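>
Residue numbers (my numbering): 1152 to 1829.
Structure, rendered in structure tokens:
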């Protein structure tokens, strides 16, 4: 705008200018309402109507689905469920005239609560007022997408003249139904017209009073402004003059504001002194901080300023430090000697960087610093400098190195303890084997005894058979003498007895083989990795080993459930079973009962070993899993069996639970996690 144009506007009275601005504002607001706000509200209204239609049909769809589920579960016959669903949806209303209808995929109108004459009628050839096949279009739309908005013409309830209508239809797949409802265009038009009138009325009620108020305010402002204009012209270099605070409220406020401005100007010189004092204070604070602080220019990464700590620790004069590149001050090189420079990273990311750096001292030694570098952003968000703060952590690094060495020593000690623990577990296993050694010897001696006896009998039998055969080969009449000798040597009995003797001999040898196999399997160390195991089979194997320990004291009953595989160290689990079975036998003393039960749930398998022995007193129940704690007489136990068993189960991710009642017995339940995927 030219100067002459400005002068022309300046000649227009303020009241007229404000009134003109109000008229322009009213025009702009009216155009904004007409061309933006009202169309926006119309779009939102249509979107709201469409969303409501979708939600209503979803509700009816869920009701029909509920009846279908009742029919599917057998709670209702399908025909009755369909009848109730049609009745329920047909009774639903919303808004003023809102209703639902249902047709099937064969175009038959199953339920129309307003035009009941259409119920049961095939609508395939039915045309709406616009000439379209509305029901056919419903079916086509849901066959393609399952749901859709479909426009057509239909008369409003109670009317005969068809109007534009848009409906939302959705297919109910199980019964082949199409559920729909719609909104009439006239209903939306009425809402839009009502919205137009409300907006225009509201705009008039707001803008007209604002215009009148603006004119009155302009008139009240213009007059006192002229008075203050004369005073402002009288102000020269002397800021001690004060504007007279007089007249109406607006004039007084303006005069006070002008006086405040004059007062702020008079304090400018004083503020400069205060800024100098504040700068000096900040300088003192920075020099007092016992950390290296350096301000770095981003343009050339040179030092713009440093604090006293930086000067003191580097031993360089401040004048030599200022202007030096930060790389030179830390690494003695004009170029960055580190690929991970914190200043470069802070400039690249624009964020604070905290890291460790190594500084080469003049004497050749290394010192370590933890650094914090943060960008200093100006008002326009540009980074012109960064603040570099560093503190010496050399002593901490030395301590960390010593700590790492100690941790390595502790790790080695822990490894040694783990090895020792494995040896203790193996020794306990060997102790358990020693405990049952007498029983195993007895178990082996019994079959060996009757094997030896049977072999001796077979030797005698063969001696007699030899004599019998020698007679047959002699000069006597063979038939008569053979019969006598056969009777005398009891050949028939021998021939019948030999198969039984051989069978018993083989059975005894198989028994020996099983005992030795189980004993060897139990005594050997587990492999380096866990394997899947059938715990029922593990129990049977362990029972065969400890059977001689049990059979004289108790009757053993087994109740095995179907168990999924468990990933474990099978020999360690066998050791747990042996400890529990031997403890149960010893708790009984004589003539009791031991029950072994297994079962599984979704995540665990459970093994219960219960006895009706003496039980465990409540005061020692919490100590039975402690190492070296035992209630057995001296020489009868090491006190490690249950402790090792508990440790084995916990390392397998399981637990051992105890139930005991003095005088009635105890029950130990082992729970182990099922192998994933089973």
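All residues carry an ideal CB built from backbone N, CA and C; glycine is no exception. Bear in mind that the values here come from a model prediction, so they are computed numbers and not experimental data.
Three-state secondary structure (DSSP) at residue 1438?
Looking at residue 1438 - three-state DSSP - the assignment turns out to be helix.
> Span of the beta strand (DSSP E) holding residue 1274?
Counting along the chain, residue 1274 falls outside any beta strand (DSSP E), and DSSP gives it neither H nor E.
> Suppose contacts are defined by Cβ-Cβ distances below 9 angstroms. Is residue 1825 in contact with residue 1754 by that definition?
Closer than 9 angstroms, so yes.
> Tell me the rounded alpha-carbon separation between residue 1506 and residue 1445.
In a straight line, the C-alpha of residue 1506 is about 16 angstroms away from that of residue 1445.
> Between the C-alpha atoms of residue 1772 and residue 1565, what's the straight-line distance to the nearest angstrom?
Their backbone Cα atoms lie some 30 angstroms apart in a straight line.
> Secondary structure at residue 1531, three-state DSSP: helix, strand or coil?
It is coil, neither helix nor strand.
> Can you tell me whether residue 1367 is helix, strand or coil according to DSSP?
Residue 1367 falls in the helix class under three-state DSSP.
> Tell me the rounded alpha-carbon separation between residue 1331 and residue 1221.
Their backbone Cα atoms lie some 22 angstroms apart in a straight line.
> Would you list the one or two residues that DSSP bridges to residue 1509?
Looking at the DSSP assignment, residue 1509 forms a beta bridge with 1519.
> Round the Cβ separation of residue 1474 and residue 1454 to the nearest angstrom and send it over; I've been treating them as touching at under 8 angstroms.
Their Cβ separation, rounded to whole angstroms, is 7 angstroms, which keeps residue 1474 and residue 1454 in contact under 8 angstroms.
> Run the CB neighbour count on residue 1303, radius 10 Å, all protein chains shown included, and call it buried at 16 or more, exposed below.
Result: buried.
> Does DSSP classify residue 1688 as helix, strand or coil?
The answer is helix: DSSP assigns residue 1688 an H, G or I state.
> Specify the secondary structure class of residue 1713 as computed by DSSP and reduced to three states.
Residue 1713 falls in the coil class under three-state DSSP.
> In terms of alpha-carbon separation, which member of 1776, 1751, 1743 and 1768 lies closest to residue 1761?
Taking only the C-alpha atoms, the option nearest residue 1761 is 1743.
> Measure the CB-CB distance between residue 1494 and residue 1524 and report whether it falls below 9 angstroms.
For residue 1494 and residue 1524, yes; Cβs fall inside 9 angstroms.
> Give me the Cα-Cα distance between residue 1430 and residue 1437, rounded to the nearest whole angstrom.
Those two C-alpha atoms are separated by around 11 angstroms.
> Can you pull the DSSP bridge partners for residue 1744?
Note: residue 1744 sits in a beta bridge opposite 1706.
> On the DSSP letters alone, give me the boundaries of the alpha helix (DSSP H) that residue 1734 sits inside.
Residue 1734 -> alpha helix (DSSP H) spans 1721 to 1739.
> How long is the line joining the alpha carbons of residue 1184 and residue 1192, rounded to whole angstroms?
Residue 1184 and residue 1192: Cα-Cα distance of roughly 10 angstroms.
> Helix, strand or coil: which one does DSSP assign to residue 1758?
Correct three-state label for residue 1758: strand.
> Out of 1337, 1323, 1320 and 1326, state which residue places its alpha-carbon closest to the alpha-carbon of residue 1314.
Per the Cα distances, 1337.
> Evaluate contact between the region 1792 to 1801 and the region 1723 to 1734, counting only Cβ atoms and requiring at least three cross-stretch pairs below 8 angstroms.
At 8 angstroms Cβ cutoff, the stretches touch.
> Could you check if residue 1301 is buried or exposed, using at least 16 other CB atoms within 10 Å of its CB as the buried criterion?
Residue 1301 is buried by the Cβ-count criterion.
> For residue 1414, does the three-state DSSP call read helix, strand or coil?
Residue 1414: helix per DSSP, three-state reduction.
> Would you mind sorting residue 1236 into buried or exposed? The rule is 16 or more other CB atoms within 10 Å of its CB.
Buried.
> Could you tell me which uninterrupted beta strand (DSSP E) segments, each at least 3 residues in length, are contained entirely in the region 1224 to 1265, listed from first to last along the chain?
The qualifying runs are 1252 to 1255 and 1260 to 1262.
> Considering residue 1453, what are the terminal residues of the alpha helix (DSSP H) in which it resides?
Run containing residue 1453: none; DSSP gives neither H nor E here.
> Residue 1106 by DSSP, collapsed to three states: which one?
No answer is possible for residue 1106: it lies beyond the span of the chain, which begins at 1152 and ends at 1829.
> With a 10 Å radius around its C-beta and 16 neighbouring C-beta atoms as the bar for buried, classify residue 1526 as buried or exposed.
Per the 10 Å Cβ criterion, buried.
> Assuming residue 1434 and residue 1464 are in contact, meaning their beta carbons sit under 8 angstroms apart, how far apart are those beta carbons, in whole angstroms?
Rounded, the Cβ-Cβ distance is 18 angstroms, inconsistent with contact.
> To the nearest angstrom, report how far apart residue 1359 and residue 1187 are at their CA atoms.
Approximately 21 angstroms between the Cα atoms of the pair.
> Could you give the residue range of the alpha helix (DSSP H) that holds residue 1289?
1285 to 1296 is the extent of the alpha helix (DSSP H) around residue 1289.
> Is the beta carbon of residue 1813 sitting closer than 9 angstroms to the one on residue 1766?
Closer than 9 angstroms, so yes.
> Less than 9 angstroms separating the beta-carbons of residue 1264 and residue 1242?
Their beta carbons are under 9 angstroms apart, which means residue 1264 touches residue 1242 by this criterion.
> Evaluate residue 1644 with the Cβ neighbour count: other Cβ atoms within 10 Å of its Cβ, from every protein chain shown; 16 or more gives buried, anything less gives exposed.
With fewer than 16 other Cβ atoms within 10 Å, it is exposed.
> Contact between the region 1550 to 1559 and the region 1466 to 1473 is defined here as three or more beta-carbon pairs at a separation below 8 angstroms; is this criterion met?
With a cut-off of 8 angstroms, the region 1466 to 1473 and the region 1550 to 1559 do not count as touching, because too few Cβ pairs lie within range.
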